[in-house]
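In the numbering used here, the protein residues as written are 2 to 202. In this text, a Cβ means the ideal position worked out from N, Cα and C, and glycines have one as well. Okay, so here's the structure we're looking at.
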């Protein structure tokens, strides 16, 4: 069981949440956009939110700044979160303005807000689960899309909620977080997605 939960922690790692949210958006959105445009945007997002952070991680690991990809120690989080903030800004300024996907744009605005909130907490030595931030933000985004498009996405939402539960169980089983840190991470993922709804719905 522990092996399974560890695999879950890798598969639902926060690095993959931006590309997951983007992919699900294009899957469920009735808004027309050429397949070529979708592919180009998804590739750019994958490069900025997965490839570059992984390269940075290996660099920081070799320098002894971080010990694992899960950034379990609060002091390890500053540089990756600063980098993530810059990369999300690049997505908002360069990748998405020409995509005609306002919903996706505000998904990333909320993701940026979540990242900044997490970064601020570090200065108060408060640790929140970044895993829960990621999966909860995607889950809330899909729930809002379901209402916005008036589409039955119950199966997709159910799978995502199960994913939230598995991630929480995984983080508890490895003693990476306590319950309060998981709740805080969940709220930081959920609330920004809700707050930006009025700007695009």
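Residue 172 counts as buried, since no fewer than 16 other beta carbons sit within 10 angstroms of its beta carbon. In the pairwise beta carbon analysis, the segment 4-20 is classified as touching the segment 48-55: at least three pairs are separated by under 8 Å. Rounded to whole angstroms, the gap between the alpha carbons of residue 31 and residue 78 is 38 Å.
Straight through space, the alpha carbons of residue 37 and residue 176 are spaced by roughly 43 Å. From the listed residues 128, 111, 168, the smallest Cα separation to residue 73 is found for 128. By the criterion of a C-beta distance shorter than 7 Å, residue 198 is surrounded in its chain by 145, once the five residues flanking it on both sides are discounted. Annotated as proximal: residue 168 and residue 133, with beta-carbon spacing under 9 Å. Here the alpha carbons of residue 131 and residue 186 stand approximately 6 Å from one another.
Secondary structure at residue 132: helix, using DSSP grouped into helix, strand and coil. In its chain, beyond the 5 residues on either side, 6 have a beta carbon closer than 7 Å to the beta carbon of residue 170.
Remark: C-beta atoms of residue 143 and residue 29 approach each other more closely than 9 Å. Between the alpha carbons of residue 69 and residue 165 lies a distance of about 22 Å. Relative to residue 116, the option among 140, 90, 141 whose CA is nearest is 90. Residue 98 sits in coil when the DSSP states are folded into three classes, being neither helix nor strand.
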